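Undergrad: Per my numbering, residue 12 is the first one in the sequence shown, and the count goes up by one each step. Glycine included, each C-beta is placed from N, C-alpha and C at the ideal position. Predicted, not measured: the structure shown is a model, and the values here were computed from it.
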Amino acid sequence: MSVTGIRQDIEWEDYIKSIGENLRRYRKQLKLSQAEVARAAKISKVQYQRIESGGFNDTLSPNPTSRTLIALAEVLDVDLEHLLPKPWPDLREHGKRDISAKE
Numbered sequence: 012m013s014v015t016g017i018r019q020d021i022e023w024e025d026y027i028k029s030i031g032e033n034l035r036r037y038r039k040q041l042k043l044s045q046a047e048v049a050r051a052a053k054i055s056k057v058q059y060q061r062i063e064s065g066g067f068n069d070t071l072s073p074n075p076t077s078r079t080l081i082a083l084a085e086v087l088d089v090d091l092e093h094l095l096p097k098p099w100p101d102l103r104e105h106g107k108r109d110i111s112a113k114e
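Below is the structure:
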């Protein structure tokens, strides 16, 4: 893996952890358990715990889908933008790339 790829992975992991921290903060403000939030968002408690903890390992990633993030925002009664930290990580490879269609 290139240095750029490693940096991007670290940025992404930090970003996902920030989403988890935001989820935890809003959940605690509402005095809800992880199980209550998961049930209301129609995801498993384990999946919610993985997202909230921002935990990465070799087989499981807490990379939530858009649908899951929207459901969680609705359950926590916040706009989605409040769950997503700014600035977003730059996941593009640095340098120019040819993005023209191949024929």
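For G31, which of helix, strand or coil comes out of DSSP?
TA: DSSP places G31 in helix when its eight states are reduced to three.
Undergrad: Determine the direct distance from the alpha carbon of P96 to that of K28, and round the result to whole angstroms.
TA: Going by the C-alpha atoms only, they are around 10 Å apart.
Undergrad: Between the C-alpha atoms of V89 and L80, what's the straight-line distance to the nearest angstrom?
TA: Cα to Cα, V89 sits roughly 11 Å from L80.
Undergrad: Which same chain residues end up closer than 7 Å to A46 when comparing Cβ atoms and leaving out the 5 residues on each side of it in sequence?
TA: Result list for A46: K56, in chain order.
Undergrad: What separation, rounded to the nearest whole angstrom, lies between the Cα atoms of Y59 and S77?
TA: Roughly 14 Å between the two C-alpha positions.
Undergrad: For Y26, tell me which candidate among L83, A84, G66 and E85 has the shortest Cα-Cα distance.
TA: That would be G66, whose Cα lies nearest to the Cα of Y26.
Undergrad: Looking at G31: is its Cβ nearer than 7 Å to the Cβ of I54?
TA: In this structure, I54 does not lie closer than 7 Å to G31 by Cβ.
Undergrad: Does the Cβ of A52 lie closer than 6 Å to at least one heavy atom of the ligand GTP?
TA: Only the bare structure without any ligand can be found here, which leaves the ligand GTP out of the picture.
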